[in-house]
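Numbering (the numbering used here), first residue to last: 29 to 304.
All C-beta atoms in this analysis are idealised placements derived from N, C-alpha and C, irrespective of residue type, glycine included.
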């Protein structure tokens, strides 16, 4: 192993290293690297949540009156989304700590590469590298929020990039891909859901509209496979701010027999955040 003194590293304009495994070689400017390994801790914690949080919807609806029997939930974090600003995270974390004893925070790092490909026009490998970095940066900034509630709720952080290397993930993703090929109704629902999502951000006559729909379909399938892995680990309560795509409701209501069995057990809890 070759060891570099910090002063020697600082002489380089670019730094390269492996993240998680030898499959992920990350390259970045030294200044960006320094921010990650030596983050600034000058963050003032919000002692009182700026947002009032309440349940907007539960899917399936019948599960709304059964939430009290669950002790463990998971919160999926979409990177670079205003719904997951630190101020809003404080509000959601405060609400979760009052309703659950344990919460798994799923950081959408590797899956965020698709968003970067669409929004910034990056190549997939470049987008993945950036997404992995952003995931770590988000956790660095958010850890103090989770630590503040440690007496009432245990928050554990996991990354999509870790789950996406598991055998379970590949199995579920392949199952969903096969379902799209065999079940026209499911395929149409996926396309309809992602098309609706893309239309919120782009006009239909946008030059790359069809490509964006294709990428978004891939995002949705990866997301479903990730959720299936978590549900298999007895994490069936998913917390999310805002509205969900129609297909999630259809799966919860049992419309598609071919989806992984674990995915049929998911309970979506949609939260509404209102500024105080």
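- In the assembly as shown, residue 89 is an exposed residue. Its beta-carbon has fewer than 16 other beta-carbons within 10 Å.
- Between residue 125 and residue 180, the beta carbon gap of about 5 Å places them in contact (Cβ cut-off 8 Å).
- Annotation for residue 94: no residue places its beta carbon closer than 6 Å to its own, counting only its chain and skipping 5 residues before and after.
- Taking a 10 Å sphere around the C-beta of residue 87, we find 16 or more other C-beta atoms and assign the residue as buried.
- In the displayed model, residue 298 falls within a strand according to three-state DSSP.
- A Cβ-Cβ separation of about 5 Å places residue 217 in contact with residue 275 under the 8 Å criterion.
- The criterion of a C-beta distance shorter than 8 Å is satisfied by residue 159 and residue 137.
- Between residue 280 and residue 214, the alpha-carbon positions lie close to 13 Å from each other.
- If you draw a straight line from the Cα of residue 131 to the Cα of residue 260, it is about 15 Å long.
- Taking the Cβ atoms as the reference, residue 269 lies roughly 40 Å from residue 40, outside the contact range of under 8 Å.
- When C-beta atoms of the stretch 91-105 are compared with those of the stretch 248-265, three or more pairs fall below 8 Å, so the two segments count as touching.
- The Cβ atoms of residue 84 and residue 300 sit closer than 8 Å to each other.
- In the DSSP assignment, residue 266 forms a beta bridge with 102 and 296.
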